[in-house]
Amino acid sequence: MTDQDAQRVEVRREGHVLVVSMRRERRRNAVDRAMADALDAALNLLDDDDDLWVGVLTGTPTVFCAGSDLTAGGDYVTERGGEYGVVRRRRRKPLIAAVEGAALGGGLEIVLACDLVVAATDARFGLPEVTIGVVPTCGALFRGPRALPLNLARELILVGDPFDARRAHEAGLVNVLAEPGRALDAAVVLAERICRNAPSAVRACLAAVDAAVAPAADAADAAGWQATAAALDAIRDSADAAEGVRAFLEKRPPAWTGR
């Protein structure tokens, strides 16, 4: 990874808090191989450094993350973190998503992989995959219905339109609402509140919560990943999927055929 690639992600310490910021704004923080590797390295640091107790993951002031870089060809999986270095990671320490602007597609799937969510009131959450003829592949098809009321999750997945942070807060996805431009500050405050507690106790509690839901969650995740793979197989070679991605890249409306 070159120095330029590494700059896709900025990492800084604030006491016992590690702030990880996606910095690829010209591509709406879309994740490619280099960004996935940088995110993976940052979250490995959080996991492995005993002096770091809580992590905050954010984007830029105008966008959290637009998901996968379609030119990456799906090459954004890491050994410890899975997709984007985040989605399948087993963490010992709390990770807070701080959302400004849009968290769309894989960006929302990153949010769903975090423990707590802070969002600016003008933030937006969405799963637009169906609008370009593809399907969410990084957990939203089963984590969405787990984190949100079922019909709201269905609306996100089937309609493709985003909803705002206030609705996400009312639905229980967002823990804290912040003024626009202040989501990161509010997330750091929340992280520092956690850091007032014994880190060993926080890790033990997080592990206990995960263990308590693990039998059901692991089974559900296994079934969810299998169902996601089946959905992907169903559209992988479809004319609609090819047309949707092509139309997106060419910035024109797609011409669907249903095939």
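For the sequence shown, position 103 matches number 106 in our numbering, and the numbering has no gaps at all. No residue lacks a Cβ here, since even glycine has one placed at the ideal position from N, Cα and C.
C-alpha gap between residue i and residue j, whole angstroms
{"i": "A156", "j": "D167", "result": "14 Å"}
{"i": "A116", "j": "P256", "result": "31 Å"}
{"i": "I197", "j": "E17", "result": "13 Å"}
{"i": "P202", "j": "D125", "result": "33 Å"}
{"i": "W259", "j": "R146", "result": "28 Å"}
{"i": "L235", "j": "G110", "result": "18 Å"}
{"i": "W56", "j": "V192", "result": "14 Å"}
{"i": "R36", "j": "D51", "result": "22 Å"}
{"i": "M38", "j": "N154", "result": "33 Å"}
{"i": "G227", "j": "A233", "result": "10 Å"}
{"i": "Q10", "j": "S71", "result": "18 Å"}
{"i": "A194", "j": "V20", "result": "7 Å"}
{"i": "V248", "j": "H172", "result": "31 Å"}
{"i": "A45", "j": "A150", "result": "25 Å"}
{"i": "P152", "j": "A174", "result": "7 Å"}
{"i": "V138", "j": "D40", "result": "24 Å"}
{"i": "A250", "j": "P165", "result": "20 Å"}
{"i": "A204", "j": "L48", "result": "20 Å"}
{"i": "E28", "j": "C208", "result": "36 Å"}
{"i": "R199", "j": "A210", "result": "18 Å"}
{"i": "L159", "j": "R93", "result": "26 Å"}
Contact set for residue i: own chain, Cβ-Cβ below 6 Å, skip 5 residues either direction
{"i": "A101", "result": "V59, T61, V121, A186, L187 and A190"}
{"i": "S24", "result": "E13 and T61"}
{"i": "Q7", "result": "Low confidence applies to Q7: its pLDDT is 49, below 50, so where it sits in the model is not reliable, and the reading given next is rough at best. Around Q7: no qualifying Cβ."}
{"i": "N178", "result": "L119 and V120"}
{"i": "P148", "result": "A156"}
{"i": "D224", "result": "none"}
{"i": "V22", "result": "R15 and V59"}
{"i": "N32", "result": "M25, G62, V66 and C68"}
Per-residue DSSP class, three states only, for residue i
{"i": "G85", "result": "strand"}
{"i": "L176", "result": "coil"}
{"i": "D167", "result": "strand"}
{"i": "G58", "result": "strand"}
{"i": "R29", "result": "helix"}
{"i": "P256", "result": "coil"}
{"i": "L46", "result": "helix"}
{"i": "E195", "result": "helix"}
{"i": "E13", "result": "strand"}
{"i": "A150", "result": "helix"}
{"i": "V248", "result": "helix"}
{"i": "V80", "result": "strand"}
{"i": "V138", "result": "coil"}
{"i": "G227", "result": "helix"}
{"i": "A201", "result": "coil"}
Own chain partners of residue i with C-beta closer than 8 Å, once the 5 adjacent residues on each side are dropped
{"i": "A123", "result": "V102, E103, G104, A168, L180, A181, E182, P183, G184, R185 and A186"}
{"i": "R206", "result": "R95 and K96"}
{"i": "V114", "result": "F67, A100, V102, A106, V120, F128 and L176"}
{"i": "L252", "result": "L73"}
{"i": "G163", "result": "G129, L130, P131, E132, V133 and T134"}
{"i": "A254", "result": "One point to set straight first is that residue 254 is Lys, not Ala, in the sequence displayed. The answer is none, since no qualifying residue turns up."}
{"i": "L161", "result": "V133"}
Integer Cβ distance of residue i from residue j, believed to fall under 8 Å
{"i": "G136", "j": "E246", "result": "6 Å"}
{"i": "S230", "j": "L144", "result": "For the record, residue 230 in the displayed sequence is Ala; it is not Ser. A230 to L144, Cβ: 6 Å. Contact."}
{"i": "D240", "j": "G261", "result": "At roughly 14 Å, the Cβ-Cβ gap does not stay under 8 Å, so D240 and G261 are not in contact."}
{"i": "G142", "j": "V212", "result": "Actually they do not touch by this definition, with Cβ atoms about 18 Å apart."}
{"i": "R26", "j": "T63", "result": "6 Å"}
Residues that DSSP places opposite residue i in a beta bridge
{"i": "F128", "result": "A106 and F166"}
{"i": "C68", "result": "A106"}
{"i": "A100", "result": "L60 and V120"}
{"i": "L21", "result": "R16 and G58"}
{"i": "A181", "result": "A123"}
{"i": "V34", "result": "S71"}
Own chain, CB closer than 7 Å to residue i, minus 5 neighbours either side, in chain order
{"i": "D43", "result": "T81, R83, G84 and G88"}
{"i": "T140", "result": "T231 and L235"}
{"i": "A75", "result": "D35 and R36"}
{"i": "L98", "result": "G58, L60, C117 and D118"}
{"i": "D54", "result": "H19"}
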